[in-house]
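Colleague:
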Amino acid sequence: MNSSDAREVVRLESVRKIYGTSRNTVTALDDVSIGLERGTFTAVMGPSGSGKSTFLQCAAGLDRPTSGTVHLDGADLGPLGERALTKLRRERIGFIFQAFNLLPALTVLDNVTLPLRLAGRRADKAAVREVLERVGLEGRQGSRPGELSGGQQQRVAIARALIARPAVIFGDEPTGALDTSTARDVLALLREAVQQAEQTIVMVTHDPVAAAHADRVLFLADGRLVDSLDRPTAGLVADRMTNLGAWSRTPAAQGGNR
Ligand code: ADP
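In structure tokens form, the structure reads like this:
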């Protein structure tokens, strides 16, 4: 492994994902190869049905590619059985979802420390305090999710993802349920985790403004990685998205998924 490989936290090589039966198949991912480096923030964009969720599921070991390989933090996910995969997800991956996915009966503190406890690790009090401070929830340790705003709930989810210092955090439309200004705060928080703690983040979004917070945007169309944009701005991302729409309507692209 050379030094550039060592910096890669996620590596997909020739990943293909085909859903369905032999008579009726959908190629959700079509020969996707990409490496994501430690301490980078990547947004994944594309039209509806372009394979964004499938990309995230395969990269995070939640689903298995039909062919190709996925390496996460140096580990080849292919040969791992379900138990080993679950263990790896608990220990090395953080997740942030659109719907927050907090447990309503648990306090903020217990929600945040749950992944550690599931992984059989002790929750260091100082570390918990620090992470709650970072997301601006100091003093809310004893609250339940139902007593918090949407933005605060997503901050709890971010604290929960950060506390275990995972190799990578995957976000599935993490700002999709938030208003514009709350979304901006949450994205700034993710940006800060990348910059200050070398956290690696991969986020699926359909929002060019959200994608503009990333270091790099990957564009999917019909299951293929068709473009990328470094140091994105919302305007440039929106332009590329418009062109992608045109791209996916070309006859070649339409034939590509059959
Ligand atoms: P996106 O997240 O960009 O909307 P998805 O990854 O959800 O795209 O889907 C990519 C393609 O794969 C779509 O055509 C979708 O209908 C299909 N697909 C996704 N999941 C399944 C599944 N479990 N079974 C069959 N087809 C699926």
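Quick note: the sequence shown uses this note's numbering, first residue 6, plus one each step. For every residue, glycine included, the Cβ atom is placed at its ideal position computed from N, Cα and C.
Give, in chain order, every unbroken run of the alpha helix (DSSP H) that is at least 4 residues long and sits entirely within the segment 83-152.
Modeller: Listed in chain order, they are 87-97, 113-123 and 130-139.
Colleague: Relative to the C-alpha of T71, which residue among L77, R165, A80 and T59 is closest?
Modeller: Here residue 71 corresponds to residue number 66 of the sequence shown, with the count starting at 1. With distances taken between Cα atoms, T71 lies closest to T59.
Colleague: Can you grab the Cα-Cα spacing for the pair A219 / R165, in whole Å?
Modeller: In the sequence shown, residue 219 corresponds to position 214, counting from 1. In the sequence shown, residue 165 corresponds to position 160, counting from 1. About 21 Å.
Colleague: Taking DSSP as the reference, what is the three-state secondary structure of T187?
Modeller: As a position in the sequence shown, residue 187 is number 182, starting the count at 1. If DSSP states are grouped into helix, strand and coil, T187 belongs with the helices.
Colleague: Between V31 and ligand 1, is the CB less than 7 Å from at least one heavy atom?
Modeller: On the sequence shown, position 26 is the one that residue 31 refers to. Answer for V31: yes, Cβ within range of ligand 1.
Colleague: Measuring CA to CA, which of A124, L119 and A243 is closest to T91?
Modeller: On the sequence shown, residue 91 is found 86 positions in, with the first residue counted as 1. Measuring from the Cα of T91, the nearest candidate turns out to be A124.
Colleague: What would DSSP say about S53, mapped onto helix, strand or coil?
Modeller: The count along the sequence shown starts at 1 and reaches residue 53 at position 48. DSSP places S53 in coil when its eight states are reduced to three.
Colleague: Note the first and the last residue of the continuous alpha helix (DSSP H) segment covering L167.
Modeller: Translated into positions along the sequence shown, residue 167 becomes position 162. Start and end: G155 to I168.
Colleague: By DSSP, does G240 sit in helix, in strand, or in coil?
Modeller: For the purposes of this step, residue 240 is identified with residue 235 of the sequence shown, where counting begins at 1. G240 falls in the helix class under three-state DSSP.
Colleague: Measuring alpha carbon to alpha carbon, tell me which residue in R43, N29 and L142 is nearest V14.
Modeller: On the sequence shown, position 9 is the one that residue 14 refers to. Among R43, N29 and L142, the Cα nearest to that of V14 is on R43.
Colleague: Using a Cβ-Cβ cut-off of 7 Å (strictly less than) and excluding sequence neighbours within five positions of G151, which residues of its own chain qualify?
Modeller: Working through the sequence shown from its first residue, we reach residue 151 at position 146. Excluding positions up to five away in sequence, the list reads P109.
Colleague: Going by alpha carbons, who is nearest to A217 out of D232, G228 and R196?
Modeller: What you label residue 217 is simply residue 212 of the sequence shown in a count that begins at 1. Out of D232, G228 and R196, R196 has the C-alpha closest to the C-alpha of A217.
Colleague: Using 10 angstroms around the beta-carbon of Q158, count the other beta-carbons present and answer buried if the total reaches 16, otherwise exposed.
Modeller: Here the question's residue 158 lines up with position 153 in the sequence shown. Classification of Q158: buried, given that the 10 Å Cβ count is 16 or more.
Colleague: Which word fits S55, buried or exposed, when buried means at least 16 other C-beta atoms lie within 10 angstroms of its C-beta?
Modeller: One-based indexing of the sequence shown puts residue 55 at position 50. It counts as buried.
Colleague: How big is the Cα-Cα spacing for I23 and R236?
Modeller: Your numbering for residue 23 matches position 18 in the sequence shown. Your numbering for residue 236 matches position 231 in the sequence shown. Going by the C-alpha atoms only, they are around 32 Å apart.
Colleague: Look at the alpha carbon of Q103 and the alpha carbon of D184, and state the distance between them as a whole number of angstroms.
Modeller: If you number the sequence shown from 1, residue 103 lands on position 98. If you number the sequence shown from 1, residue 184 lands on position 179. Near 12 Å, if we compare the C-alpha coordinates of D184 and Q103.
Colleague: Which class does G260 belong to by DSSP, given the choice of helix, strand or coil?
Modeller: The residue given as residue 260 occupies position 255 in the sequence shown. Confidence at G260 is low in this model, with a pLDDT of 45, below 50, so its placement is unreliable and no value can be given for it.
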